[in-house]
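Participant: For the record, the sequence lines run as chains V and D. Once you know that position 33 of the first sequence is 33 in UniProt numbering, the rest is easy, because the numbers rise by one and skip nothing. Once you know that position 798 of the second sequence is 798 in UniProt numbering, the rest is easy, because the numbers rise by one and skip nothing. For each residue, glycine too, the CB sits at the ideal point set by N, CA and C.
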Amino acid sequence: MAKTILTVDDSGSLRQMVTFSLKAAGYDVVQAVDGQDGLNKAKEKTVDLVLTDQNMPIMDGLTLIANLRSLASYQKIPILMLTTESSDEMKAKGKAAGANGWLVKPFDPKRLIEVVQKVIGA
Amino acid sequence: MTVDMSQFYEVFFDEAEELLAEAERLLLGIDVADPDIEQLNAIFRAAHSIKGGAATFGFMDMAEITHVLENLLDKIRKQEMALTNEHVDAFLAAKDVIKMQLDGHRHATEVNAEQVGDVSMMLKSLSEGKDAAIPADPLLEQFKPEPEAFKVAEQKPVIELTDADKSKGLKLYDVGLPEVTERDLSNLKDELALLGEIAVYQRQNNAFALMVKTDSSADDIISICSFILDPDALVIHEVGASDAAPAVTASPETSQAAAPVGDDPGYGFFDDDPIIAAIEPVENLAEAKAAQAPTAPVSGDKVKVAEEMGYGLFGKDGQEKQEEGYGFFAPFKPHPDAPKAQMIGDETPVTAAALASAPTAVIAPANAADDRRTQPRREADKAAPQSAESSSIRVGIEKVDQLINLVGELVITQAMIEQRVNALEPVENEALINSVSQLTRNTRDLQESVMSIRMMPMDFVFSRFPRMVRDLAGKLGKKVEFVTIGAATELDKSLIERIVDPLTHLVRNSVDHGIEKPEVRRSVGKAESGTLTLSASHKGGSIVIEVTDDGGGLNRERILAKAAANGLPVNESMTDSEVFNLIFAPGFSTAEVVTDVSGRGVGMDVVKRNITAMGGNVDIRSALGYGTTISISLPLTLAILDGMSVSLGKSVYVVPLNLIVETLQPRAEDLKTVTGEGLMVHVRGEYLPIIALHALFNHPTEITSPTDGVLLILEADGKKSALFVDRLVGQQQVVIKSLETNFKRIPGVSGATIMGDGSVALILDVPAITQMGQTTNYVTGGLAFANQNYSTLDKHINA
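1) Select from D/470, D/461 and D/490 the residue whose C-alpha is nearest the C-alpha of residue 451 of chain D.
2) Classify residue 411 of chain D as buried or exposed, calling it buried when 16 or more other Cβ atoms lie within 10 Å of its own Cβ.
3) What are the residues that DSSP puts in a beta bridge with residue 653 of chain D?
4) Hey, out of D/72, D/109 and D/658, whose CA is closest to residue 121 of chain D's CA?
5) May I ask which residues mark the beginning and end of the beta strand (DSSP E) holding residue 539 of chain D?
6) Straight-line CA distance for residue 493 of chain D to residue 500 of chain D?
7) Report, in whole angstroms, the separation of the C-beta atoms of residue 725 of chain D and residue 648 of chain D, which I expect to be a contact under 8 Å.
8) Can you tell me whether residue 393 of chain D is buried or exposed? The criterion is at least 16 other CB atoms within 10 Å of its CB, across all chains shown.
9) Note down, in chain order, every chain D residue with its Cβ under 7 Å from the Cβ of residue 36 of chain V.
10) Are the Cβ atoms of residue 642 of chain D and residue 419 of chain D separated by less than 8 Å?
11) Just checking: is the beta-carbon of residue 474 of chain D within a distance shorter than 8 Å of some beta-carbon in chain V?
12) Is the CB-CB distance between residue 99 of chain V and residue 120 of chain V below 8 Å?
13) Does the separation of the CB atoms of residue 18 of chain V and residue 9 of chain V fall below 8 Å?
14) Let's test the definition: count the other Cβ atoms within 10 Å of the Cβ of residue 48 of chain V and tell me whether it reaches 16, buried, or not, exposed.
15) Kindly indicate which three-state DSSP category residue 621 of chain D falls into: helix, strand or coil?
16) To which residues of the same chain is residue 40 of chain D closer than 8 Å at the C-beta, ignoring the five residues directly before and after it?
17) Quick check on residue 536 of chain D: buried or exposed, where buried means 16 or more other Cβ atoms within 10 Å of its Cβ?
18) Using 8 Å as the threshold, is the C-beta distance between residue 92 of chain V and residue 68 of chain V below it?
19) From the beta carbon of residue 21 of chain D, is the nearest beta carbon of chain V less than 8 Å away?
20) Identify the residues that DSSP records as bridge partners of residue 173 of chain D: which are they?
21) Using CA coordinates, which residue listed in D/22, D/65, D/85 and D/102 is at the minimum distance from residue 13 of chain D?
22) Which residues does DSSP list as the beta-bridge partners of residue 7 of chain V?
23) Excluding sequence positions up to five away, which residues of its chain have a Cβ less than 6 Å from the Cβ of residue 379 of chain D?
24) At the level of alpha carbons, what is the spacing between residue 388 of chain D and residue 126 of chain D?
25) Does residue 569 of chain D pass the burial test, meaning 16 or more other C-beta atoms within 10 Å, or should it be called exposed?
26) Checking 8 Å against the spacing of the C-beta atoms, do residue 604 of chain D and residue 584 of chain D come in under that value?
27) If you draw a straight line from the alpha carbon of residue 2 of chain V to that of residue 83 of chain V, how long is it in whole angstroms?
28) Does any residue of chain V have a CB that is nearer than 8 Å to the CB of residue 68 of chain D?
29) May I ask you to list the residues that DSSP assigns as paired with residue 491 of chain D?
30) Give, in chain order, every residue of the stretch 97 to 109 of chain V whose Cβ lies closer than 9 Å to some Cβ of chain D.
31) By the criterion of Cβ-Cβ separation under 7 Å, what are the contact partners of residue 52 of chain V in chain D?
32) What residues from chain D crowd round residue 12 of chain V, counting only those whose CB sits closer than 7 Å?
33) Nearest to residue 47 of chain D by CA position, among D/24, D/110, D/516 and D/575, is which residue?
34) Taking 8 Å as the threshold (C-beta atoms), are residue 610 of chain D and residue 498 of chain D in contact?
35) With 8 Å as the threshold, decide whether the Cβ of residue 17 of chain V is near any Cβ in chain D.
36) Hey, would you say residue 196 of chain D sits closer than 8 Å to residue 212 of chain D, going by beta carbons?
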């Protein structure tokens, strides 16, 4: 069964690009437009991987990650940050919040798939 | 897997346009003295999102300017810098420029590079905070942007080792640096410059690297560097040396690593993390570890980071990208000391400060970036496959119009069928009748859906004015507060487009000639800041758009004098309304601009003509010293109306259903004649004036007493009245056909429709009728004329 990935980003174009690329690589994708939406969607269905933006309205990525990690069902689910900020400070924050890794924006779809496959397999 | 990015371009363009519009709206609403942090954050986010998208989709010019913009916004939202009007102006100018670039990519329109440069310079100079309370942090130097600063540097600088050089014993070394501070880099450059020609560039992973052309050995370079950096962190190899020759590295155990320093793939995992490790197949992990190995000679800092954070560096990935020319996806790795994120800016080989210290050695590696820039989206014009997630499609307006016309015809045909069917014996034809009533519902739903395609919120028009008002007020030295009401009111797209010009004219006039200068306003006891209100609302069957200012108002005497001077027929007994309407006269508008009044006349005849051409009406209300309201009412041409058909004599009229409160047949004791008011009807404690439609329209009928007919209790403009007609015929949706287009405007009638039997019925203009009913002289020549020419009218409408 295809693995499901939750992508959280307030930018529709980015989200579409991610979704399209992931679907083309054979994953199922759930989209969310901000952290809160992402949290709700994540609760609805436990996904196999979460990709989240950091800078979003309503709830930012770090808060989302922290919230997800407080859920029993998300203790073992990999979470990656998709962010334009890749400072060590941001990485440290991401790690502290419970992220498993990061991917710097802008990225190209190939790289995204590469990273995703490394994390959850094809 | 390859993904054609161009398929996302349209989505990105739409999104960016929305974000720009949103940013502009927020900017215009911001209180400069006390900005709302949430608003600043929202504006910042807009810039941030545009930048991210632009960079992802390869629109580097947009990414550049949004990057500068974002930087400045970031400083302001972090309150490192106080917001000033200058900032807001610059942001607005930036918005215009970005929009221009966007259009350039999208529609291949021209982009004024000079303007882009100007705005960029403006933002940069503001970013340096010359008049803001920001400490002169030397690190800020790093952000002093250079035009090149925003080009993606993926090419090594062009220091060539010529044969002549070789014969002189010169060698070219490539020195990969660990993460260094700006100051260290600068010092290093100065030191190395003593050895020979050098150039600094930045690798794809944003790490700095140097090219050195010298006759010294690699060891010399290492020893010089060791004053400043940990020599073990350096990776030096000789360029142009034969492949067999081993790269010279500082640390022997990493000697096989000729790969450029840490081509950070732009992602990583915290590998003390059980989740990743658990999930990742063992082979993959091993492979990953193996891939990591060649990149071991990363900088001292980096190694440390890698140890702490446990992220993998997949050098081969980065290299691959470089070869394939995907360099614009270069990951961003800001300087560790940098106060904030720099994405593209960090690609610069050197900062301005560094430039100054080593002016000759730096070669901006910009060519590749330039090439990519010209590649933009021509391909995307070849109908890119629409992503399944696309939430909108683009359809030519003529297709929609055709659809609407067809549905209009369908509604009429359907009404005809319904009428025929209703005449049939109900029991025998039950199945048919049921099917037809189903068809009726379906038709109505279809019609509603189709009509809604063309409807657009007035916001589409209103949103362009805050900016215009602001700019204009600034230019004229006036203070104007701009308010919009009813921006969600929907209007047909064709009308929306045609109302823009007249409305622009009216708004400009109001700011220019209506609202006074602050000192004038103060002297007459008004608030310094004038208010300009733009409102839209539904009134009866029309949409009313009003432009209201609280300025000086129109001066009756001056208009009269001016009109007389222009040879217009005037006299002192004209009503104010008639006098004000003179400014729409063509003769009036030719006048040169004279203060406060006559300026209003310029082009007003054109405004009037445009609106009349749309079947609309313009009206002016004004009070000297208090302001002016110009009211445009547009009929709902093309629109659909839920109507109640009523009979009067042999004719049928349609009354908009939404204005009917109730219908009743009055008892004789409820009718009262009140002096000066005429006949009234007593309905639940209220006395409402009775308007006899037959008398108003001078229409022959047998029923002349309200007790024999029906009263429709109407509510319009907050006033109730009772319309007296013969009979109720039925409730139905009607397609409005404009009388103005097909015939002429008639007081009391807002349009016409074709009934199920093919006959024409007039749609009553309830507010007008209410008003007409209250004046004694309500029988108009126009209507009498209309009645006489009913057959002509019929022919016109059916044509």
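Facilitator: Walking through what the data contain:
1) Position 451 of the second sequence, counting from 1, holds the residue named residue 451 of chain D. Closest option to residue 451 of chain D, Cα to Cα, is D/490.
2) For the purposes of this step, residue 411 of chain D is identified with residue 411 of the second sequence, where counting begins at 1. Residue 411 of chain D is buried by the Cβ-count criterion.
3) Working through the second sequence from its first residue, we reach residue 653 of chain D at position 653. The partner list for residue 653 of chain D (beta bridge, DSSP) reads D/646 and D/762.
4) Position 121 of the second sequence, counted from the start, is the residue given in the question as residue 121 of chain D. Comparing Cα-Cα distances from residue 121 of chain D to each of D/72, D/109 and D/658, the minimum goes to D/72.
5) The residue labelled residue 539 of chain D in the question sits at position 539 within the second sequence. Per DSSP, residue 539 of chain D belongs to the beta strand (DSSP E) from 530 to 539.
6) Taking the first residue of the second sequence as 1, we reach residue 493 of chain D at position 493. Taking the first residue of the second sequence as 1, we reach residue 500 of chain D at position 500. Distance between the alpha carbons of residue 493 of chain D and residue 500 of chain D: 11 Å.
7) Stepping through the second sequence from its first residue, residue 725 of chain D is reached at position 725. Stepping through the second sequence from its first residue, residue 648 of chain D is reached at position 648. Sure, about 5 Å apart at Cβ, within 8 Å.
8) If you number the second sequence from 1, residue 393 of chain D lands on position 393. Per the 10 Å Cβ criterion, exposed.
9) Taking the first residue of the first sequence as 1, we reach residue 36 of chain V at position 36. Under the 7 Å cutoff, chain D gives no residues; its nearest Cβ is about 15 Å from residue 36 of chain V.
10) Here the question's residue 642 of chain D lines up with position 642 in the second sequence. Here the question's residue 419 of chain D lines up with position 419 in the second sequence. Their beta carbons are not under 8 Å apart, which means residue 642 of chain D does not touch residue 419 of chain D by this criterion.
11) As a working note, residue 474 of chain D is residue 474 in the second sequence. No, its Cβ sits nowhere closer than 8 Å to a Cβ of chain V.
12) The residue given as residue 99 of chain V occupies position 99 in the first sequence. The residue given as residue 120 of chain V occupies position 120 in the first sequence. Not closer than 8 Å, so no.
13) Taking the first residue of the first sequence as position 1, residue 18 of chain V is located at position 18. Taking the first residue of the first sequence as position 1, residue 9 of chain V is located at position 9. For residue 18 of chain V and residue 9 of chain V, yes; Cβs fall inside 8 Å.
14) For the purposes of this step, residue 48 of chain V is taken as residue 48 along the first sequence, with counting starting at 1. So residue 48 of chain V counts as buried.
15) Residue mapping note: residue 621 of chain D aligns to position 621 of the second sequence, counting from 1. Three-state result, residue 621 of chain D: strand.
16) Working through the second sequence from its first residue, we reach residue 40 of chain D at position 40. Excluding sequence neighbours, residue 40 of chain D sits near 30, 73, 76, 77 and 83.
17) As a first step, residue 536 of chain D is located in the second sequence; it is residue number 536 there, counting from the start. Buried, by the Cβ-count rule.
18) Along the first sequence, one-based indexing puts residue 92 of chain V at 92. Along the first sequence, one-based indexing puts residue 68 of chain V at 68. Contact flag unset, no.
19) Numbered from its first residue, the second sequence carries residue 21 of chain D at position 21. Cβ-Cβ to chain V under 8 Å: no for residue 21 of chain D.
20) Residue 173 of chain D sits at position 173 when you count from the first residue of the second sequence. DSSP output for residue 173 of chain D lists D/212 and D/238 as bridge partner(s).
21) Residue mapping note: residue 13 of chain D aligns to position 13 of the second sequence, counting from 1. Measuring from the Cα of residue 13 of chain D, the nearest candidate turns out to be D/102.
22) Locating residue 7 of chain V in the first sequence gives position 7, where the first residue counts as 1. The partner list for residue 7 of chain V (beta bridge, DSSP) reads V/31 and V/51.
23) As a first step, residue 379 of chain D is located in the second sequence; it is residue number 379 there, counting from the start. Note on residue 379 of chain D: pLDDT 37, under 50, position unreliable in the model; the coordinate value appears next. So the list reads 6, once near-sequence residues are dropped.
24) As a first step, residue 388 of chain D is located in the second sequence; it is residue number 388 there, counting from the start. As a first step, residue 126 of chain D is located in the second sequence; it is residue number 126 there, counting from the start. Note that residue 388 of chain D has pLDDT 41, beneath the 50 cutoff, so the model's placement of it is unreliable and the number below is only indicative. Distance between the alpha carbons of residue 388 of chain D and residue 126 of chain D is about 43 Å.
25) Taking the first residue of the second sequence as 1, we reach residue 569 of chain D at position 569. By the neighbour-count rule (16 or more Cβ atoms within 10 Å), residue 569 of chain D is not buried but exposed.
26) For the purposes of this step, residue 604 of chain D is taken as residue 604 along the second sequence, with counting starting at 1. For the purposes of this step, residue 584 of chain D is taken as residue 584 along the second sequence, with counting starting at 1. The answer is yes: Cβ separation under 8 Å.
27) As a working note, residue 2 of chain V is residue 2 in the first sequence. As a working note, residue 83 of chain V is residue 83 in the first sequence. Looking at the two C-alpha atoms, the distance is approximately 26 Å.
28) If you number the second sequence from 1, residue 68 of chain D lands on position 68. Not an interface residue.
29) Residue 491 of chain D sits at position 491 when you count from the first residue of the second sequence. Answer by DSSP bridge pairing, in chain order: D/456.
30) 99, 100, 101, 102, 103, 104, 105, 106, 107, 108 and 109
31) As a first step, residue 52 of chain V must be located in the first sequence, where it is residue number 52. Residues of chain D passing the Cβ test: none, with the nearest at roughly 14 Å.
32) Reading the first sequence from its first residue, position 12 is the one you call residue 12 of chain V. Those are 11 and 15, listed as they occur along chain D.
33) Start at 1 with the first residue of the second sequence, and residue 47 of chain D comes out as number 47. Selected option, being the one with the closest Cα: D/24.
34) Here residue 498 of chain D refers to the residue found at position 498 of the second sequence. Here residue 610 of chain D refers to the residue found at position 610 of the second sequence. It is a contact, given that the beta carbons lie within the stated cut-off.
35) Counting from one through the first sequence, the residue named residue 17 of chain V turns up at place 17. Judged by the 8 Å Cβ criterion, residue 17 of chain V is in contact with chain D.
36) In the second sequence, the residue the question calls residue 196 of chain D occupies position 196. In the second sequence, the residue the question calls residue 212 of chain D occupies position 212. Yes, Cβ-Cβ distance for residue 196 of chain D and residue 212 of chain D is below 8 Å.
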